[in-house]
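Below is one structure, written out as structure tokens, with a few remarks after it.
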Amino acid sequence: MTSLHPNSALQKSVLDRIIPPVADLPGAGGLGIENELERMSTEHHKFSDILFSAIESIQSRLGEDTVTVENLNKAISGFESVEPIPFALLLELVYLAYYSDPRVHNRIGWKTGPLQPEGHPLPPWEESILAKVKNRAPFWTEVD
Amino acid sequence: MASITVREPVDIVVVGSGASGAAVTWSLAEDDFKVVCIEQGPWVDPKTYATNSPDWQYLQRTKWDYSPNVRKLPQDYPVNDDESQIKVVMYNAVGGSTIHWTAHVPRFHPSDFRVKTLDGVADDWPISYFDLEPYYDLNDEMMGCSGINGDPANPPRSPRQMPPVPLGHDGERMARAFDNLGWHWWPSDSHINSIDYKGRKACNFCGAVGLNCERGARASTDITYIPDAVKLGGEIRTNSTVYEIATNSSGKVTGVNYYNEQGEPEFQPSNGVVIAANGIGTPRMLLHSKSTSHPNGLANSSCMVGKNLMFHVYAGANGLLNDLPTPTYHGPLALIIMSQEFYETDPSRDFKRGYTFQIGRGQGPAPTAIGDVPWGDNHHAEFNRRFGKNIGLGAIGDDLPEEVNRVELDPHLTDRYGIPSPKIIYRVGENSKKLLAHAVDQAAKVLETAGATNITRNALSTNTGWHLMGTARMGDDPERSVVNKFGQAHDADNLFIVDGSVFVTGAGVNPTPTIQALALRTADYIRHDRMDLKS
Numbered sequence: 004m005t006s007l008h009p010n011s012a013l014q015k016s017v018l019d020r021i022i023p024p025v026a027d028l029p030g031a032g033g034l035g036i037e038n039e040l041e042r043m044s045t046e047h048h049k050f051s052d053i054l055f056s057a058i059e060s061i062q063s064r065l066g067e068d069t070v071t072v073e074n075l076n077k078a079i080s081g082f083e084s085v086e087p088i089p090f091a092l093l094l095e096l097v098y099l100a101y102y103s104d105p106r107v108h109n110r111i112g113w114k115t116g117p118l119q120p121e122g123h124p125l126p127p128w129e130e131s132i133l134a135k136v137k138n139r140a141p142f143w144t145e146v147d
Numbered sequence: 151m152a153s154i155t156v157r158e159p160v161d162i163v164v165v166g167s168g169a170s171g172a173a174v175t176w177s178l179a180e181d182d183f184k185v186v187c188i189e190q191g192p193w194v195d196p197k198t199y200a201t202n203s204p205d206w207q208y209l210q211r212t213k214w215d216y217s218p219n220v221r222k223l224p225q226d227y228p229v230n231d232d233e234s235q236i237k238v239v240m241y242n243a244v245g246g247s248t249i250h251w252t253a254h255v256p257r258f259h260p261s262d263f264r265v266k267t268l269d270g271v272a273d274d275w276p277i278s279y280f281d282l283e284p285y286y287d288l289n290d291e292m293m294g295c296s297g298i299n300g301d302p303a304n305p306p307r308s309p310r311q312m313p314p315v316p317l318g319h320d321g322e323r324m325a326r327a328f329d330n331l332g333w334h335w336w337p338s339d340s341h342i343n344s345i346d347y348k349g350r351k352a353c354n355f356c357g358a359v360g361l362n363c364e365r366g367a368r369a370s371t372d373i374t375y376i377p378d379a380v381k382l383g384g385e386i387r388t389n390s391t392v393y394e395i396a397t398n399s400s401g402k403v404t405g406v407n408y409y410n411e412q413g414e415p416e417f418q419p420s421n422g423v424v425i426a427a428n429g430i431g432t433p434r435m436l437l438h439s440k441s442t443s444h445p446n447g448l449a450n451s452s453c454m455v456g457k458n459l460m461f462h463v464y465a466g467a468n469g470l471l472n473d474l475p476t477p478t479y480h481g482p483l484a485l486i487i488m489s490q491e492f493y494e495t496d497p498s499r500d501f502k503r504g505y506t507f508q509i510g511r512g513q514g515p516a517p518t519a520i521g522d523v524p525w526g527d528n529h530h531a532e533f534n535r536r537f538g539k540n541i542g543l544g545a546i547g548d549d550l551p552e553e554v555n556r557v558e559l560d561p562h563l564t565d566r567y568g569i570p571s572p573k574i575i576y577r578v579g580e581n582s583k584k585l586l587a588h589a590v591d592q593a594a595k596v597l598e599t600a601g602a603t604n605i606t607r608n609a610l611s612t613n614t615g616w617h618l619m620g621t622a623r624m625g626d627d628p629e630r631s632v633v634n635k636f637g638q639a640h641d642a643d644n645l646f647i648v649d650g651s652v653f654v655t656g657a658g659v660n661p662t663p664t665i666q667a668l669a670l671r672t673a674d675y676i677r678h679d680r681m682d683l684k685s
């Protein structure tokens, strides 16, 4: 059982419409994230069948129309407006897969891999920033 | 039906090992009570935290999601929140929802305990801030608090264990914006280590504070109270789901019935029971524990169990800080500064009580894209505009209690054992709507002053049911409350409740330190005034 759609050409086109190519990187359809999409769809119930059913819905909206950017935009927008919850899940899934890709991380300047153990640097705490507010008189309400 | 195994009797059973259950278990074990803490979830191995995985963004939205309805782990019970404007989130494991919290620990104000007297709304608490103060202090010692004295919005208090968590460039920018407006702000008190503390390392600012870290920099009770409780002889019994608090013909509690790790029913007899199952789980358990002596559900002669559910209401504004030297995803997600400029009631405003502003940072790439960045031709431009620059200013508003907001037992939905699930009926009240509208306008003003661009307003956040309060309220009047000022049930003197259920009002701050202080106070009461429960 696959979560991908058998019409792989349409699936690729839809993914590329959601996240188009940029600079030297292909879009979500051309980046080769199908395996990641399938893994994410099957590892947790939240995304089960989302990709497959979304492409089905978009395909039915396209009907006999040629797969052009304009027609795809119209079909995807139709899906978005009529089925907002499945569409939001589709977007979440595609964004997760795309923005988990090391090539994308490299382009946007994000350090790929786990958040730990490196973390991020922050300048040390500097108490002088309290200069103004700490001179304010107490203003909490006193009660018995 | 399978026969029920009866365990050796103990002094006290604590149901739940989260913020308050862990504190009570530790305190009672310290005084040699024979105490067993029954927890429906497992121990969570810090090595499995999502922050250790390159797949953390996916994990954050699936099996580490805040919602039990999304996670659907074996220990999670489904929550029917279809009729609630705010969706319920919680975590079930040793440590409870402290496994997943952001560890922001402001205290209630003295006025929060006297809202009826001061403002003519809701009810006064039967205790004061100063009754709780020593327990707030003890809790900070156990959990480890980073912060600094001198806040003019709050009473003077004992020094924190650690200096504040650094503000970062974004925090400093927002602090100066508050200064420029002449408004209050102060570094957030947090149970995050700014320096090494009690064998746990200092935070290294990875950002995803809600996903926890192997460093132990962010306190959770599985690494603070519970190890100490176990050293003192307390037992943590995991993967065990309590389905009924048992009572005798005189109405006293006799122990708990539960399904053990193998799914087999067991009975744990005890001299007393402390429930710490959160503001949803506790009323669920009480309502399900009907008996001839408690026909409306346990401790429910007042019919107040499940009623007066409070979340905190959240709203605010978001913007972009485009000229900072470092990205806004550097640093703990939600722990920079807070402002209580609009915390206390002001007669010139059209609502009672108030709110605290808290700052939320940017996050990693997928969380930035999801929810904010459109698909299609503008996708990359919009993503680039936001990533590393987004900042949020959220208001956490006092959510006054209303009886119509409630927890019931769902007539159809159940957990894996067939125990009825909670059904949540909740709508945002009129006072809250006015409060939030005010907060959104002020949030936008702060962001403008900070130089933020692309400011957007959020009238109500809905996936924010983190704070579960009010459903077994505390009070002196047994006809209007479920427990007394020590968390002791009016209807059963050996039953205690120590989670957010007992809150009379919710205040405008994160509730966990208050929940824990109340729990430590109840434990102290048992230790000193209920020695009859000790064998």
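As you go down the protein sequences, you meet chains A and B in turn. Each residue of the first sequence is one higher than the one before, starting from 4 at the first, in our numbering. Each residue of the second sequence is one higher than the one before, starting from 151 at the first, in our numbering. Built from N, CA and C at the ideal position, the CB exists for glycine as well. As the structure is a prediction and not an experimental result, all values here were calculated from the model.
Straight-line Cα distance separating residue j from residue i
i: residue 434(B); j: residue 583(B); result: 28 Å
i: residue 179(B); j: residue 159(B); result: 15 Å
i: residue 509(B); j: residue 146(A); result: 29 Å
i: residue 599(B); j: residue 324(B); result: 8 Å
i: residue 635(B); j: residue 652(B); result: 9 Å
i: residue 628(B); j: residue 557(B); result: 20 Å
i: residue 230(B); j: residue 326(B); result: 43 Å
i: residue 581(B); j: residue 265(B); result: 14 Å
i: residue 120(B); j: residue 668(B); result: Outside the modelled stretch of chain B, which goes from 151 to 685, sits residue 120(B), for which no answer is possible.
i: residue 5(A); j: residue 41(A); result: 7 Å
i: residue 22(A); j: residue 609(B); result: 29 Å
i: residue 276(B); j: residue 625(B); result: 6 Å
i: residue 622(B); j: residue 654(B); result: 9 Å
i: residue 447(B); j: residue 33(A); result: 59 Å
i: residue 174(B); j: residue 672(B); result: 8 Å
i: residue 427(B); j: residue 28(A); result: 49 Å
i: residue 284(B); j: residue 305(B); result: 13 Å
i: residue 83(A); j: residue 97(A); result: 14 Å
Extent of the continuous alpha helix (DSSP H) run through residue i
i: residue 590(B); result: 580 to 599
i: residue 562(B); result: Element bounds for residue 562(B): not the alpha helix (DSSP H) but the beta strand (DSSP E), 556 to 564.
i: residue 607(B); result: Taken as a continuous stretch (DSSP letters only), residue 607(B) belongs to no alpha helix (DSSP H), being part of the beta strand (DSSP E) at 603 to 608.
i: residue 293(B); result: 279 to 293
i: residue 45(A); result: 37 to 46
i: residue 206(B); result: 206 to 210
Bridge partners - residue i, DSSP secondary structure assignment
i: residue 396(B); result: 405(B)
i: residue 570(B); result: 564(B)
i: residue 506(B); result: 546(B)
i: residue 422(B); result: 162(B)
i: residue 646(B); result: 424(B), 638(B)
i: residue 254(B); result: 340(B)
i: residue 155(B); result: 416(B)
i: residue 187(B); result: 164(B), 386(B)
i: residue 16(A); result: According to DSSP, which records beta bridges pairwise, residue 16(A) is partnered with nothing at all.
i: residue 519(B); result: According to DSSP, which records beta bridges pairwise, residue 519(B) is partnered with nothing at all.
i: residue 576(B); result: 234(B)
i: residue 528(B); result: According to DSSP, residue 528(B) bridges with nothing at all.
Cβ separation of residue i and residue j, assumed to be a contact under 8 Å, to the nearest whole Å
i: residue 366(B); j: residue 381(B); result: So it is not a contact: roughly 17 Å between Cβ atoms.
i: residue 570(B); j: residue 564(B); result: 6 Å
i: residue 320(B); j: residue 474(B); result: 6 Å
Unbroken beta strand (DSSP E) run spanning residue i, endpoints
i: residue 387(B); result: 385 to 387
i: residue 236(B); result: No beta strand (DSSP E) contains residue 236(B), which DSSP labels as neither H nor E.
i: residue 144(A); result: Run containing residue 144(A): none; DSSP gives neither H nor E here.
i: residue 129(B); result: Residue numbering for chain B in the displayed model covers 151 to 685; residue 129(B) lies beyond these limits and cannot be assessed.
i: residue 489(B); result: 487 to 489
Please determine if the stretch 513 to 532 of chain B and the stretch 394 to 404 of chain B are in contact, where contact requires at least 3 C-beta pairs separated by less than 8 Å.
-> no
Are three or more beta carbon pairs between the stretch 505 to 519 of chain B and the stretch 481 to 494 of chain B nearer than 8 Å?
-> yes
So, do the stretch 370 to 387 of chain B and the stretch 244 to 261 of chain B have three or more beta carbon pairs nearer to each other than 8 Å?
-> yes
Stretch-stretch touch, CB-based, cutoff 8 Å, three pairs: the stretch 465 to 474 of chain B with the stretch 492 to 502 of chain B | no
Within the chosen definition, does the stretch 330 to 337 of chain B reach the stretch 131 to 144 of chain A through at least 3 CB pairs nearer than 8 Å?
-> yes
If you pair each beta-carbon of the stretch 178 to 193 of chain B with each one of the stretch 652 to 667 of chain B, do three or more pairs fall below 8 Å?
-> no
Does the stretch 453 to 467 of chain B come close enough to the stretch 583 to 594 of chain B that 3 or more CB-CB pairs lie under 8 Å?
-> yes
Give a yes or no on contact between the stretch 406 to 413 of chain B and the stretch 199 to 210 of chain B, applying the rule of three or more CB pairs nearer than 8 Å.
-> no
Does the stretch 5 to 17 of chain A come close enough to the stretch 56 to 69 of chain A to have 3 or more Cβ pairs within less than 8 Å?
-> yes
Is the number of C-beta pairs between the stretch 306 to 313 of chain B and the stretch 343 to 350 of chain B that are closer than 8 Å three or more?
-> yes
Report yes or no: do the stretch 418 to 437 of chain B and the stretch 248 to 266 of chain B share at least 3 C-beta pairs separated by less than 8 Å?
-> no
Spell out a yes or no on whether the stretch 114 to 124 of chain A and the stretch 280 to 300 of chain B are touching, meaning 3 or more CB-CB pairs, one atom from each, closer than 8 Å.
-> no
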